[in-house]
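Structure record follows, encoded as structure tokens.
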Amino acid sequence: DAGITQSPRHKVTETGTPVTLRCHQTENHRYMYWYRQDPGHGLRLIHYSYGVKDTDKGEVSDGYSVSRSKTEDFLLTLESATSSQTSVYFCATGEILGGEQYFGPGTRLTVT
Amino acid sequence: GDSVTQMEGPVTLSEEAFLTINCTYTATGYPSLFWYVQYPGEGLQLLLKATKADDKGSNKGFEATYRKETTSFHLEKGSVQVSDSAVYFCALSIYNQGGKLIFGQGTELSVKP
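Chains U and W, in that order, are what the protein sequence lines are. Sequential numbering of the first sequence, starting at 41, is according to my numbering. Sequential numbering of the second sequence, starting at 5, is according to my numbering.
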């Protein structure tokens, strides 16, 4: 267990509002990732970070932005939430590029 | 592109039955392969991994062998328990794309007493 926490764990928000999800790790892992989980799709990568202030897009990045100002924190922001962003969001960390990743408990986001 | 395909679920077995969950992959390079397990309401936990061809990953009675010739990484367990009921995900990692994981769609396993 990589000591990963996510906040909030559950959130309901309205269409058009901004939302920020937080991921915090205590293991000093260099790599951090945001995935979303939807039925029938497994998990899909939204954005990832390979160091402080170094981030890049994943396969489903439209409508999302990220920031990493400290090694331990990785924020995911939905600038203007839409119903298609209703999902479960998982943060993950990795110590080695291409190695195993360790997952947080997830945030269930509902956009009404 | 790179992808992972798993057998569809749900899979329902009786306790002590033999389990196989099929996983095949497509990758342009030489990925590492993983099985993750997700219990209800929880995040994903690494179950086992293999980093090169013919490697066998094993943990908690589960096994999977990295078969490059058949591009497969099937999960097996000789005798399942009720506590093994969960969703299982096969995944591969792409080194040159930030080390991201590409997941299969998941296979739900239900074990009945």
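Here a beta-carbon is modelled for each residue, glycine too, at the ideal position from N, C-alpha and C. Treat the numbers as computed from the prediction; the structure is a model and nothing was measured.
Check: Residue-chain proximity (Gln125/U, chain W), Cβ-Cβ < 8 Å; Outcome: no
Check: Interface flag, Leu50/W vs chain U, CB-CB below 8 Å; Outcome: yes
Check: Cβ-Cβ distance between Ile86/U and Leu115/U below 8 Å; Outcome: no
Check: Chain U contact for Glu46/W (CB, 8 Å cutoff); Outcome: yes
Check: Residues from the segment 60 to 83 of chain U in contact with chain W, defined by Cβ distance under 9 Å; Outcome: Tyr71, Tyr73, Tyr75, Gln77, Pro79, Gly80, His81, Gly82, Leu83
Check: For Gln125/U, the three-state DSSP class (helix, strand or coil); Outcome: helix
Check: Gln109/W, DSSP secondary structure in three states; Outcome: coil
Check: Sheet register partners of Ile44/U (DSSP bridge); Outcome: Gln65/U
Check: Cβ neighbours of Pro48/U in the same chain (closer than 7 Å, five flanking residues each side left out); Outcome: Thr147
Check: Tyr43/W to Ala54/W span [Cα, whole Å]; Outcome: 22 Å
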